[in-house]
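Participant: What follows is a single structure, and I will ask about it in a moment.
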Amino acid sequence: MVSSPLGMRKGAWTKEEDNLLRKCIGKYGEGKWNLVPLRAGLNRCRKSCRMRWLNYLTPNIKRGDFTQDEDDLIIRLHKLLGNRWSLIAGRIPGRTANDVKNHWKTHQQKKLVAQKDRAQKTTKSTILKPKPLTFSKTMACSIESSTFEQNIRRNENSSSPKVIEGSIKWWNNLLDTKENGDQGTTLSNGLSLGFLEGGWEDFCRDKNIWEILEF
DNA sequence: AAATCGCCCAACCGCTGCAAC
DNA sequence: TGTTGCAGCGGTTGGGCGATT
Numbered sequence: 000m001v002s003s004p005l006g007m008r009k010g011a012w013t014k015e016e017d018n019l020l021r022k023c024i025g026k027y028g029e030g031k032w033n034l035v036p037l038r039a040g041l042n043r044c045r046k047s048c049r050m051r052w053l054n055y056l057t058p059n060i061k062r063g064d065f066t067q068d069e070d071d072l073i074i075r076l077h078k079l080l081g082n083r084w085s086l087i088a089g090r091i092p093g094r095t096a097n098d099v100k101n102h103w104k105t106h107q108q109k110k111l112v113a114q115k116d117r118a119q120k121t122t123k124s125t126i127l128k129p130k131p132l133t134f135s136k137t138m139a140c141s142i143e144s145s146t147f148e149q150n151i152r153r154n155e156n157s158s159s160p161k162v163i164e165g166s167i168k169w170w171n172n173l174l175d176t177k178e179n180g181d182q183g184t185t186l187s188n189g190l191s192l193g194f195l196e197g198g199w200e201d202f203c204r205d206k207n208i209w210e211i212l213e214f
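For the first sequence, numbering that gives the first Met the number 0 gives the first residue as 0, with consecutive numbering after it.
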């Protein structure tokens with residue numbers, strides 16, 4: 000077993016350490032990670048304790064292969080959010096940011112590279128370079144009944160027509176999978192993604208996504 | 001059977017953001 | 001306003017293990 004310069008244990012966790020950590024969290028709850036090693040009687044740093052709990056000991060963590068639904072969701076959320084693994088994981092019940100990150104690196108990235116290779120061999124693709132845009136908090140607002148376009152148009156008074164149209168195109172490019180022949184996905188929990196009936200609109204009605212996007 | 005390779009995933013490290021002072 | 005400490009995040013590493021030679 001390796002130790003840090005401060006004498007902290009490093010490396011794989013033992014069952015005894017897991018049990019101590021479980022007991023401690025059970026008694027005091029999550030948080031105050033700097034106190035956890037002391038409370039639990041563990042010779043581990045707070046980061047190590049937190050990581051172990053979040054990635055391995057938290058109840059309801061799913062183990063095993065990712066389902067097709069989960070794969071699809073990860074791809075779409077990654078397209079939307081980039082490498083914001085914790086946010087992506089927050090949308091996938093039972094999966095941790097570390098799980099999602101590892102999965103992406105080992106599976107999805109390979110898939111995308113293979114897809115790109117195939118695409119390059121068959122067609123000459125046009126590279127789209129969307130301009131980065133700034134959205135204000137008021138831009139997207141009513142989650143209950145609006146589409147992206149409606150949200151953006153709501154700001155017509157405060158933005159120039161060019162900016163408005165640019166915003167709409169940017170969002171459509173980002174979200175519209177229709178042109179690629181992608182018909183979207185309906186997840187087992189009933190949430191639909193892509194351009195099925197309701198499509199992205201349903202996805203965006205889900206309040207959390209707007210919070211994620213920090214509109 | 002042994003050696004090597006490659007994949008997967010648990011764990012670590014460095015950084016940033018934020019709150020308290 | 002600057003400093004400090006904590007929490008959390010994403011990138012990276014390294015060990016275990018199965019597959020291949």
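All C-beta atoms, glycine included, are put in the ideal place defined by N, C-alpha and C. Just so you know, these numbers come straight off a predicted model, no measurement behind them.
1. In angstroms, rounded to a whole number, what distance separates the CA positions of GLY93 and ILE60?
2. Can you give me the start and stop residues for the alpha helix (DSSP H) that ALA11 sits inside?
3. Going by the CB atoms, is the gap between ARG8 and GLY54 shorter than 7 Å?
4. Nearest by alpha-carbon distance to CYS23: which of THR13, ALA11 and GLY40 is it?
5. With TRP103 and HIS77 assumed to form a contact (beta carbons below 8 Å), what rounded beta-carbon distance in angstroms separates them?
6. Using the beta-carbon count (16 or more within 10 Å), is THR13 buried or exposed?
7. DSSP three-state label for PRO36, please.
8. Which whole-angstrom value describes the C-beta separation of ILE87 and LEU80, a residue pair presumed to lie in contact below a C-beta threshold of 8 Å?
9. Could you tell me the distance, in whole angstroms, from the CA atom of GLY63 to the CA atom of GLY6?
10. CYS44 and VAL35 - do their beta-carbons sit closer together than 7 Å?
11. Run through DSSP, which three-state label would ILE60 get?
12. Taking the alpha helix (DSSP H) that ILE87 belongs to, which residues open and close that run?
Facilitator: Taking the coordinates as given:
1. 4 Å
2. Run containing ALA11: none; DSSP gives neither H nor E here.
3. In the sequence as presented, Gly is not what sits at residue 54; that position holds Asn. The answer is no: Cβ separation not under 7 Å.
4. GLY40
5. 7 Å
6. exposed
7. helix
8. 6 Å
9. 34 Å
10. no
11. coil
12. 84-89
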